[in-house]
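Quick mapping for you: the protein sequence lines, in order, are chains D and H.
Going by numbering that gives the first Met the number 0, the first residue of the first sequence is number 0, and it counts up by one from there.
Going by numbering that gives the first Met the number 0, the first residue of the second sequence is number 0, and it counts up by one from there.
Glycine included, every Cβ here is placed at the ideal spot set by N, Cα and C.
Structure first, then comments.
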Amino acid sequence: MSHPAPDPTARDMLAVSLKILGVPTDEQRLDALAARASALLEDGERLSARAAPDVEPLVTLRLPGADREGDR
Amino acid sequence: MLDVSRLTICEAGAAFRSGRFTPLELTRAYLERIERFDAGLNSFITVTAEAAIDAAGRATDELAAGVDRGPLHGIPLGYKDLFATAGVRTTAGARILADRVATHDATVVRRLADAGAVMLGKLNMLEFAYGVVHPDFGAAHNPWNLEHSSGGSSSGSAVATAAGLCLATLGTDTGGSIRQPAAWCGIVGHKPTYGLVSRAGVDPLSWTLDHVGPMTRTVDDAAVLLEAIAGYDPEDPGSAPTASFRAADLDAVDPGRLRVGVPRNLFEHGVDREVQAIVEGAIQRLASLGMTVEPVQLPGLREIIAAEMVIISAEASAFHLPWVRSRAQDYAELTRDRLEAGMAIPAVHYLEAQRVRRTQIAAAARLHEQVDLLVLPTTAIAAPKMGGETDDPDGPPEGEQADRLRGAIGLTGPFNVMGAPAVSVPCGWTANRLPVGLQLTGRPFEDHIVLAAARAFEAASGESLVLPESAPAR
Chain D
0 MSHPAPDPTA RDMLAVSLKI LGVPTDEQRL DALAARASAL LEDGERLSAR
50 AAPDVEPLVT LRLPGADREG DR
Chain H
0 MLDVSRLTIC EAGAAFRSGR FTPLELTRAY LERIERFDAG LNSFITVTAE
50 AAIDAAGRAT DELAAGVDRG PLHGIPLGYK DLFATAGVRT TAGARILADR
100 VATHDATVVR RLADAGAVML GKLNMLEFAY GVVHPDFGAA HNPWNLEHSS
150 GGSSSGSAVA TAAGLCLATL GTDTGGSIRQ PAAWCGIVGH KPTYGLVSRA
200 GVDPLSWTLD HVGPMTRTVD DAAVLLEAIA GYDPEDPGSA PTASFRAADL
250 DAVDPGRLRV GVPRNLFEHG VDREVQAIVE GAIQRLASLG MTVEPVQLPG
300 LREIIAAEMV IISAEASAFH LPWVRSRAQD YAELTRDRLE AGMAIPAVHY
350 LEAQRVRRTQ IAAAARLHEQ VDLLVLPTTA IAAPKMGGET DDPDGPPEGE
400 QADRLRGAIG LTGPFNVMGA PAVSVPCGWT ANRLPVGLQL TGRPFEDHIV
450 LAAARAFEAA SGESLVLPES APAR
């Protein structure tokens, strides 16, 4: 499969992330994955414009015991 | 051999109780069908014939003795191969887990066993439910045309149900993995409300998007199966403390009083003309049932898909990190690509996606002040032709860089992001005899309303209960 010229920002971001996370990689593989990573970063940028300032992330912290009445 | 061509869970249950045939006879019939037809379909990874015969024998004896555990007692089922089943290999369609034997049952498997269901085996799927066939397992073939894709990731579940190799199956759905294969194989697939059905003991793809649900030949069967598996489970952090579902609640819904919105902005572009025409006909049929049909706009569509892509990619990459570090070469190529690319997502983007998600859920709630249901195609195209054993229904074709996962989840993924109930029901056939699915969605925890509307549509359309030529009745 042929790949377009890799996006340098996404490629750099991916290289740093994989290094921090301890995932072995190489130059050829980074080139091959750059466009895919770039598309995901574009998704993220699109989201920044949409989220209202007073909205919290939809991440629930439910501590043990908090839903005791729901246990059955 | 028993004729299973028009058999449903409800009808089999009635037959057991009238003495027409027993669970043991029915289980033997399905095992014979698997033996006869599955070599060409590849829907099962593991067939648990001996355990199935034992369980069916027990069900037969219990029913004969007047011990009745309810509508699933003695019913032969299959489970996607990422549900833990004690003592049985559970591969997730992956080389990495090819030899894993679970030590316990997933909560839903245990609930179905307690209800007397008979497990026939474990079903083929896309690797780790992430959209790619692993070459070690091969593709499950669409029973309506063996050269066409069965979709995914719950491919084997859809194929086995459509081909009459079991009465029903369980699947999982993170971006459409129950509904898309259900649509492409001509069966009913229901993604319940997030939190209604436990995922404990089910391999995750994306914790905040994953759902477990029924894949059946009729809507009534989906409701019966859903009742058995729904309910709070402290072992699943996403489980809703108030979770419950009763199939009988469908009867309290008057479909003729429902207001249905058609979000054309979701499917005005990129939907195949033939699929579009079939779905437009189906929408007219809903109107003929007395439902009020009106156009609506689901706002923020591009952001919903962006949120789905960011969340599924980040969560899947986090779950798989240890294996990507140590066994990357054992993944199918495209699975590995997706997992490694997902590691580039900044934490801020992930949290923005979860913020947008809350905004979209609120927007959907406002939309549902106006309408009870949304209706749209399940998929933009009917089942496409496969390229070979390692064909990837969602992946980029040769020479294309765009990830087709984005396109594949376009009509189904929004309802994973919003956690809303969504069912796919057969609504027609293309000219080359491939099924098309109609998707109905509703408010969270109103699964009974969604299913009641789908049941009314099904009764009016008569599209269910046909067996494909690849696995005929006799």
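Check	Outcome
Identity of the residues DSSP links to Y330 (chain H) by a beta bridge	Answer is none; Y330 (chain H) lacks a bridge partner.
Bounding residues of the alpha helix (DSSP H) (the contiguous stretch that carries P180 (chain H))	R178 to C184
Backbone secondary structure at T59 (chain H) - three-state DSSP	helix
Residue environment, L6 (chain H), which counts as buried when at least 16 other CB atoms sit within 10 Å	buried
Alpha-carbon to alpha-carbon, L366 (chain H) and L25 (chain H)	46 Å
Backbone secondary structure at Q438 (chain H) - three-state DSSP	strand
Complete runs of the alpha helix (DSSP H) confined to the region 151 to 210 of chain H [at least 4 residues]	154 to 161 and 178 to 184
Alpha helix (DSSP H) segment containing T475 (chain H), residue limits	Given a span of 0 to 473 for chain H in the structure shown, any question on residue 475 (chain H) remains unanswerable.
Three-state class that DSSP yields for I380 (chain H) in the structure shown	coil
Residues near D502 (chain H) in its chain [Cβ-Cβ closer than 7 Å; skip 5 each side]	With chain H running from 0 to 473 in the structure shown, residue 502 (chain H) is simply not present.
Contact set for M308 (chain H): own chain, Cβ-Cβ below 7 Å, skip 5 residues either direction	R405
Members of the region 49 to 61 of chain D near chain H, C-beta cut-off 9 Å	R49, A50, A51, V54, E55, P56, L57, V58, T59 and R61
heavy atom of the ligand ZN below 7 Å from S238 (chain H) C-beta	Looking for the ligand ZN in the displayed structure turns up nothing, as the structure carries no ligands at all.
Test: D113 (chain H) CB closer than 8 Å to a CB of chain D	no
Extent of the continuous beta strand (DSSP E) to which T291 (chain H) belongs	T291 to V295
Inter-stretch contact (C-beta, 8 Å, three-pair minimum) for the region 13 to 28 of chain H and the region 221 to 240 of chain H	no
D393 (chain H) classed as buried or exposed, judged by whether at least 16 other C-beta atoms fall within 10 angstroms	Because the pLDDT at D393 (chain H) is just 43, under 50, the model does not fix this residue reliably, and the point stays unresolved.
Minimum Cβ-Cβ distance from D42 (chain D) to chain H less than 8 Å	yes
Proximity test, Cβ basis, 8 Å: E267 (chain H) and chain D	no
Pick from H:E351, H:R110 and H:A85 that is closest to G120 (chain H), judged by C-alpha positions	H:A85
Per-residue contacts from I44 (chain H) into chain D (C-beta, under 8 Å)	Per Cβ cutoff of 8 Å: no residues; I44 (chain H) is ~28 Å from chain D at best.
Member of H:R19, H:A83, H:A91 and H:A63 whose CA lies at the smallest distance from the CA of A331 (chain H)	H:A91
Coil, strand or helix - W143 (chain H) by DSSP	coil
Minimum Cβ-Cβ distance from G194 (chain H) to chain D less than 8 Å	no
For I95 (chain H) and W322 (chain H), believed in contact at Cβ under 8 Å, the rounded distance	6 Å
C-beta atoms of D42 (chain D) and A317 (chain H) nearer than 8 Å	no
Assumed close pair P240 (chain H), L373 (chain H) - CB separation to whole angstroms, cut-off 8 Å	About 27 Å separates the two Cβ atoms, so there is no contact after all.
Same chain, Cβ closer than 6 Å to T440 (chain H), neighbours up to 5 away in sequence not counted	L373, F414, A419 and A421
C-alpha distance - V15 (chain D) paired with T8 (chain D), whole-angstrom precision	11 Å
Local conformation of G398 (chain H) per DSSP, three classes	Because the pLDDT at G398 (chain H) is just 36, under 50, the model does not fix this residue reliably, and the value given afterwards should be weighed accordingly. In this structure, G398 (chain H) counts as coil in the three-state DSSP scheme.
Local conformation of V58 (chain D) per DSSP, three classes	coil
Interface flag, M308 (chain H) vs chain D, CB-CB below 8 Å	yes
Contact the region 104 to 114 of chain H vs the region 442 to 450 of chain H: 3+ CB pairs below 8 Å	no
Enclosing alpha helix (DSSP H) for R258 (chain H) [first to last residue]	It is not in any alpha helix (DSSP H) - R258 (chain H) instead sits in the beta strand (DSSP E) that spans R258 to P262.
Under the three-state DSSP convention, the category P345 (chain H) falls into	coil
Limits of the unbroken alpha helix (DSSP H) element including F15 (chain H)	I8 to S17
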